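Heads up, the thing below is written out as structure tokens.
In the numbering used here, the protein residues as written are 8 to 329.
Next up, the structure:
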């Protein structure tokens, strides 16, 4: 047997072993959607890093932040949470609880003294020239450690760099509902809960017609209209969504990830604009009435039960007083 044949047999054996492991694997695995609750604190001082528990958030005085504290839906193996936590959850099942410590290196990185730099205070907005202020300088985020005169010491390390982090977690459920799966992905990307639903629509689209065997290969392709079914994830847009920078710059990638992971054909984001209750367009009063005919103005005053002569007398009186 040649070396190439031996190598091929070894490769086939490895493939069989991998398939056997996948078939015998039990519990939650990569690609599964899972809802978890957790609280993370630094190991050394117990500083709160993150939590899904509203009671913990209230105790720590962070419940007034512009975010909701509730369980998260993640996809195992996609890096939605620290790898050490994913590894602890993998193979588990709903109801499992545990604790895992994430090293500083794997969490927010080791502290690097070289990432503390002295910069000119002119690079910092006047309102942010104080110790502890978070600033962006030359595209990097940091916080001011000291500022004296025209110079500032800015620490570009993550505020939790060098800290080991302990995660206490609970697996609440494996998520099979696709709308809940989509909601979890959207919240993870945008930190916003949106109204969404899945429907199957009939859509007309152009499809190529198979050419005849004797047809010229260089002939222009022909198309015909065909009605097909498309499973659609509808998302109701909000004013906050239109201003969300993550969505503004990455909507295509986000939508594609949702399509791939929950198995729909497309994503449609729709905006609903409610009527103004007869208020009319802004600018239709005051100077905006200049284009209206005199008869229209008189009719409007009559409808409002206002005497036009009284208004004229008052205006003339005001001019005489001046």
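No residue lacks a Cβ here, since even glycine has one placed at the ideal position from N, Cα and C.
Computed from a predicted structure; not experimentally measured.
To the nearest angstrom, report how far apart residue i and residue j are at their CA atoms.
i, j, result
"residue 102", "residue 195", "22 Å"
"residue 39", "residue 273", "21 Å"
"residue 62", "residue 275", "36 Å"
"residue 279", "residue 212", "26 Å"
"residue 145", "residue 94", "37 Å"
"residue 282", "residue 202", "20 Å"
"residue 99", "residue 177", "10 Å"
"residue 219", "residue 228", "11 Å"
"residue 217", "residue 226", "12 Å"
"residue 234", "residue 214", "10 Å"
"residue 266", "residue 120", "43 Å"
"residue 131", "residue 248", "30 Å"
"residue 19", "residue 112", "37 Å"
"residue 97", "residue 230", "48 Å"
"residue 184", "residue 140", "43 Å"
"residue 64", "residue 79", "15 Å"
"residue 263", "residue 32", "29 Å"
"residue 77", "residue 198", "12 Å"
"residue 126", "residue 166", "19 Å"
"residue 53", "residue 88", "20 Å"
"residue 142", "residue 256", "22 Å"
"residue 252", "residue 148", "17 Å"
"residue 254", "residue 138", "32 Å"
"residue 294", "residue 246", "Residue placement at residue 294 is flagged as unreliable, the pLDDT there being 46, under the threshold of 50; the coordinate-derived value follows with that caveat. Between residue 294 and residue 246, the C-alpha separation is close to 30 Å."
"residue 259", "residue 243", "16 Å"
"residue 66", "residue 250", "31 Å"
Tell me which same chain residues have a C-beta within less than 7 Å of the C-beta of residue i, skipping the five on either side of it?
i, result
"residue 118", "164, 168, 169"
"residue 128", "136, 154, 157, 158, 159"
"residue 241", "203, 204, 206, 275, 277"
"residue 60", "44, 46, 76"
"residue 336", "The chain is shown from 8 up to 329; residue 336 falls before or after that span and cannot be answered."
"residue 186", "203, 204, 205"
"residue 29", "Unreliable placement is indicated for residue 29, whose pLDDT of 49 sits below 50; the coordinate value is still reported in the next sentence. Nothing meets the Cβ criterion."
With distances taken Cα to Cα, identify the nearest neighbour of residue i among the options.
i, options, result
"residue 238", "255, 271, 153, 260", "271"
"residue 85", "48, 37, 125", "37"
"residue 124", "151, 110, 49", "151"
"residue 42", "192, 66, 256", "192"
"residue 34", "264, 243, 83", "83"
"residue 73", "115, 208, 200, 133", "200"
"residue 90", "51, 115, 253", "115"
"residue 81", "208, 251, 190", "190"
"residue 104", "179, 246, 261", "179"
"residue 110", "51, 134, 66", "51"
"residue 232", "246, 210, 134, 250", "210"
Could you give the first and the last residue of the continuous alpha helix (DSSP H) run that contains residue i?
i, result
"residue 64", "61 to 66"
"residue 268", "252 to 269"
"residue 196", "185 to 197"
"residue 168", "Element bounds for residue 168: n/a, residue is neither H nor E."
"residue 91", "90 to 96"
Enumerate in chain order the residues of its own chain whose CB-to-CB distance from residue i is below 6 Å, with the five nearest sequence positions on each side excluded.
i, result
"residue 188", "40, 182, 269"
"residue 16", "none"
"residue 174", "45, 47, 92, 107"
"residue 261", "196"
If I'm right that residue i touches residue j with Cβ under 8 Å, what's the distance once you round it to whole angstroms?
i, j, result
"residue 162", "residue 122", "7 Å"
"residue 58", "residue 172", "That pair is no contact at about 12 Å."
What are the boundary residues of the beta strand (DSSP E) that includes residue i?
i, result
"residue 41", "40 to 49"
"residue 132", "Run containing residue 132: none; DSSP gives neither H nor E here."
"residue 234", "230 to 243"
"residue 208", "203 to 215"
"residue 110", "No beta strand (DSSP E) contains residue 110, which DSSP labels as neither H nor E."
"residue 143", "141 to 144"
"residue 148", "147 to 155"
"residue 277", "273 to 277"
"residue 182", "Careful: residue 182 lies outside any beta strand (DSSP E) and carries neither H nor E."
"residue 159", "158 to 162"
"residue 136", "Looking at the DSSP string, residue 136 is not in any beta strand (DSSP E), and its letter there is neither H nor E."
"residue 55", "55 to 58"
"residue 82", "79 to 82"
Between residue i and chain B, is any beta-carbon pair separated by less than 8 Å?
i, result
"residue 121", "Looking for chain B here will not work: only one protein chain is present."
Ordered along the chain, which non-local residues of its own chain (more than five positions away) have a Cβ less than 8 Å from that of residue i?
i, result
"residue 68", "none"
"residue 133", "none"
"residue 236", "207, 208, 209, 210"
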